[in-house]
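Working notes for the structure below.
Numbering (the numbering used here), first residue to last: 770 to 1069.
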């Protein structure tokens, strides 16, 4: 074991995005099923600028200067959102040292006083859960997220769309016309997406009417080296619900991800979102494990 504090670096901006992507890709290479997040998850959050206003991102590195873990935190008005990310391959003693450090910062950082502190924990990580339980954190099962998985054996057959609707991806969008994510995420979302190393226009999918209205959309992220695909986000617009568009869109996305080498495809949902459960299950996904949202109110 070595002293992790000797390797700690605080990173932001492009350095943060590059290093957290490297960390999560390395973690996925260690184990295709371990951990909470894919690199695509973090790149999607970066595109949304979530937590960019007041954050602190600490990374730790091995002797070869590769990231082995990170503790990220960003402050909102009354809440603090944090994540602890680590590679499955690090030795037990080093991970214990990191966990001690993370728990200490969660309960002692003065910036968190008077706020509710949130952190997501893999339900299979019994050591980390025990440490958070001992520190006074708790979780509500109704706040859980569920990781769902699908291992497609082949490229699925496309599902026909209703009349006067078509599949598109961002390569066919006319220059200057609004991106399908701009309605909810602002016009700057296009530039932010293009800053993400895993973003691909051919996996940025939508279903449109023949007059150009967006009916449904999803972003697919591909970790090609490790054969892992991710859906984040997936949405059908309110006016086009109950037409089977979400299912058709996901089958299209699964087909493209599988064609480009994805052996396993992932999607997350809130445990209580039964509509999402039906949509993803119909497309072939099954529940794998829960992501528990632990929290603690820091009175001082």
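Positions of the beta carbon are idealized from the N, C-alpha and C atoms, including for glycine.
Counted as a single uninterrupted DSSP element, the beta strand (DSSP E) harbouring residue 1064 occupies residues 1055–1067.
Taking residue 1058 as the centre and dropping the five residues before and after it, the same chain places the C-beta of 891, 892, 893, 915 and 916 closer than 8 Å to its C-beta, in chain order. Bridge partners of residue 927 according to DSSP: none are assigned. When DSSP states are grouped into helix, strand and coil, residue 918 belongs to the strand group. Per the C-alpha coordinates, the member of 888, 810 and 887 positioned closest to residue 968 is 810. The beta carbon of residue 1005 lies closer than 6 Å to those of 985, 1014 and 1015 in the same chain, with the five residues before and after it left out. The way I'd put it, the region 826–843 does touch the region 854–868; three or more beta-carbon pairs between them come closer than 8 Å. Note on geometry: alpha-carbon atoms of residue 1029 and residue 774 lie some 40 Å from one another.
Taking 9 Å as the cut-off, the Cβ atoms of residue 864 and residue 842 do not count as close. Here the alpha carbons of residue 990 and residue 996 stand approximately 11 Å from one another.
In this chain, the beta strand (DSSP E) harbouring residue 936 covers 934–938. Beta-bridge pairing by DSSP links residue 839 to 828 and 854. The beta-bridge partner set that DSSP reports for residue 885 consists of 848 and 1066.
When secondary structure is reduced to three states using DSSP, residue 814 falls in the helix class. In this model, residue 1062 and residue 944 are separated by some 41 Å (Cα to Cα).
Taking a C-beta distance under 9 Å as the contact criterion, residue 1026 and residue 998 qualify as a contact pair. Using a Cβ distance threshold of 9 Å, residue 1053 and residue 972 do not count as a contacting pair. When secondary structure is reduced to three states using DSSP, residue 966 falls in the coil class, being assigned neither helix nor strand. Residue nearest to residue 929 within the set 1012, 866, 829 and 849 is 1012 (criterion: CA-CA distance).
Going by DSSP, residue 988 is part of the beta strand (DSSP E) stretching over 983–992.
A Cβ-Cβ contact shorter than 9 Å links residue 966 with residue 812.
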